[in-house]
Amino acid sequence: MKIIFAGTPEFAATALEALLAGGHEVALVLTQPDRPAGRGMALQASAVKKVALAHGIPVFQPERLKDPATHEPIRAACAERGAELMVVAAYGLILPQAVLDLPRLGCINIHASLLPRWRGAAPIHRAIEAGDAQTGITIMRMEAGLDTGPMLLARTMDIDPQDTTGSLHDRLAALGGQLVVEALARFDQLNPVTQPADGVTYAAKIAKAEAQLDWSQPATVLARKVRAFNPFPGAVVSLAGEPVKAWRGDAVAAGGRPGQILAAESDGIVVACGEGALRLTELQKPGGRRVASADFLSGSRLRPD
1 MKIIFAGTPE
11 FAATALEALL
21 AGGHEVALVL
31 TQPDRPAGRG
41 MALQASAVKK
51 VALAHGIPVF
61 QPERLKDPAT
71 HEPIRAACAE
81 RGAELMVVAA
91 YGLILPQAVL
101 DLPRLGCINI
111 HASLLPRWRG
121 AAPIHRAIEA
131 GDAQTGITIM
141 RMEAGLDTGP
151 MLLARTMDID
161 PQDTTGSLHD
171 RLAALGGQLV
181 VEALARFDQL
191 NPVTQPADGV
201 TYAAKIAKAE
211 AQLDWSQPAT
221 VLARKVRAFN
231 PFPGAVVSLA
241 GEPVKAWRGD
251 AVAAGGRPGQ
261 ILAAESDGIV
271 VACGEGALRL
281 TELQKPGGRR
291 VASADFLSGS
301 RLRPD
């Protein structure tokens with residue numbers, strides 16, 4: 001098929017690579033404008049833009065799509081270059097109905113959850129944070145509502161007890177690429193299924209303020225947050241009054257007052273929570289690098305309370 005592709009981060013770039021490898025022609029790529037990043041805050045192209053440029057695909061980077069004038073490159077890709085479908089994955093901009101109506105076959109979205117659970121911006125983070133046992137990919141027809149369109153294809157994936165958002169993201173990205181190629185291969189045979197009204201949840205965008213962990217919460221909850229916030233924004237805990245990023249940890253059976261350091265050993269730093277305790281095994285001091293607990297404790301004065 002000849003398509004338009006809209007996406008921005010690595011998740012979307014994986015899907016774009018899969019579509020190109022599957023023989024589909026991409027007439028136009030939409031992605032967000034270059035953003036400052038890194039220590040020097042130089043402008044950086046999105047992962048999707050890098051793939052598009054590597055394959056010689058025209059790129060369009062509007063700040064927003066509310067103004068009808070910004071729709072012209074999309075209209076031209078459909079009318080003049082024959083694009084008949086738009087594939088969207090983690091684009092980050094709302095597509096108005098006027099844009100959704102431009103491709104002859106409409107627009108489909110690659111969403112990283114089993115809809116209607118976890119509609120919205122951060123489905124991978126929220127699934128891990130909630131303790132879900134499974135997630136998956138849903139290919140859906142797009143409509144004006146937030147991830148409310150009818151479902152075309154879905155595939156389930158187990159969430160490993162040690163999965164972080166980073167590890168689960170990579171597996172889901174690969175699955176998303178496979179599934180969208182499968183969907184396009186038999187597009188005419190797919191029957192849209194309306195999403196059920198029951199089971200709707202929303203995956204709100206992750207706010208940096210959420211990264212600060214509260215020792216009064218149960219250890220099982222905090223362990224899930226540590227995994228959910230890895231690699232972004234990184235869970236922050238207070239150890240002996242100092243902020244530290246916690247990258248890996250697990251709940252253990254122990255007790256004490258919330259925030260009390262129960263053990264500080266090479267196999268982990270154990271801190272009492274509202275229920276149980278959290279054993280931290282990978283941490284990062286401000287300005288430092290991520291290290292195992294044994295290296296973190298080397299030269300540290302951190303001791304059990």
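When we follow the numbering used here, the leftmost residue of the sequence shown carries the number 1, and every step to the right adds one. For each residue, glycine too, the CB sits at the ideal point set by N, CA and C.
>> Pairs of beta-carbons, one from the segment 91-102 and one from the segment 25-44, closer than 8 Å: are there three or more?
In response: yes
> Quick one: what's residue 137 bridged to in DSSP?
Replying inline: DSSP output for residue 137 lists 155 as bridge partner(s).
>> Going by beta-carbon coordinates alone, are residue 117 and residue 201 separated by less than 8 Å?
In response: yes
>> I'd like the list of long-range same chain contacts for residue 164, defined as Cβ closer than 6 Å, with 5 residues on each side in sequence excluded.
In response: Same-chain partners within the cutoff: 227, 230.
> Can you name the start and end residues of the alpha helix (DSSP H) that residue 49 belongs to?
Replying inline: 47-54
>> Between the alpha carbons of residue 276 and residue 257, how many angstroms are there, rounded?
In response: 10 Å
> With DSSP run on the structure shown, which of helix, strand or coil describes residue 303?
Replying inline: Residue 303 falls in the coil class under three-state DSSP.
> Can residue 303 and residue 264 be called in contact, C-beta distance under 8 Å?
Replying inline: yes
> What separation, rounded to the nearest whole angstrom, lies between the Cα atoms of residue 132 and residue 180?
Replying inline: 24 Å
> With DSSP run on the structure shown, which of helix, strand or coil describes residue 306?
Replying inline: The requested residue 306 does not occur in the structure, where the chain is confined to residues 1 to 305.
> Taking all protein chains shown into account, do 16 or more other C-beta atoms lie within 10 angstroms of the C-beta of residue 232, making it buried, or fewer, making it exposed?
Replying inline: exposed
> Can you give, in chain order, each stretch of the beta strand (DSSP E) that sits fully within the segment 234-271 and has at least 3 residues?
Replying inline: 235-239, 242-252, 261-265
> Near residue 141, which residues of its chain fall below 7 Å by C-beta distance, leaving aside the five closest residues on each side in sequence?
Replying inline: The answer, listed in chain order, is 106, 108, 149, 150, 152, 192.
> If we ignore side chains and look at the alpha-carbon of each, how far apart do residue 286 and residue 123 end up?
Replying inline: Whole-angstrom Cα-Cα distance: 29 Å.
> Helix, strand or coil for residue 32 per DSSP?
Replying inline: coil
>> Using a 10 Å radius around the Cβ and a threshold of 16 neighbouring Cβ atoms, would you call residue 195 buried or exposed?
In response: buried
> If you drop the 5 nearest sequence neighbours on each side, which residues of the same chain put their C-beta closer than 7 Å to that of residue 185?
Replying inline: none
> Using the C-alpha atoms, what's the distance from residue 300 back to residue 47?
Replying inline: Those two C-alpha atoms are separated by around 39 Å.
> Where DSSP assigns a beta bridge to residue 278, which residues make up the other side?
Replying inline: 251, 271
> For the putative contact between residue 57 and residue 26, defined by C-beta atoms under 8 Å, what is the C-beta separation to the nearest angstrom?
Replying inline: 5 Å
> Just reading off the alpha helix (DSSP H) that residue 296 is part of, what are its end residues?
Replying inline: 293-297
>> Per the DSSP calculation, residue 107 is bridged to which residue(s)?
In response: By DSSP's assignment, residue 107 forms a beta bridge with 86.
> Is it the case that the CB of residue 108 approaches a heavy atom of the ligand SAH more closely than 7 Å?
Replying inline: The ligand SAH is absent from the structure shown, which contains no ligand whatsoever.
> What residue does the beta strand (DSSP E) around residue 6 start on, and which one ends it?
Replying inline: 2-7
>> If distances are taken between C-alpha atoms only, which option among 270, 17, 244 comes closest to residue 255?
In response: 270
> Under the DSSP definition of a beta bridge, which residues are partnered with residue 60?
Replying inline: In the DSSP assignment, residue 60 forms a beta bridge with 30.
> Which whole-angstrom value is the C-beta distance of residue 213 and residue 235, which I expect to be below 8 Å?
Replying inline: 5 Å
> Should residue 51 and residue 74 be called a contact, given that it needs their Cβ atoms to be closer than 8 Å?
Replying inline: no
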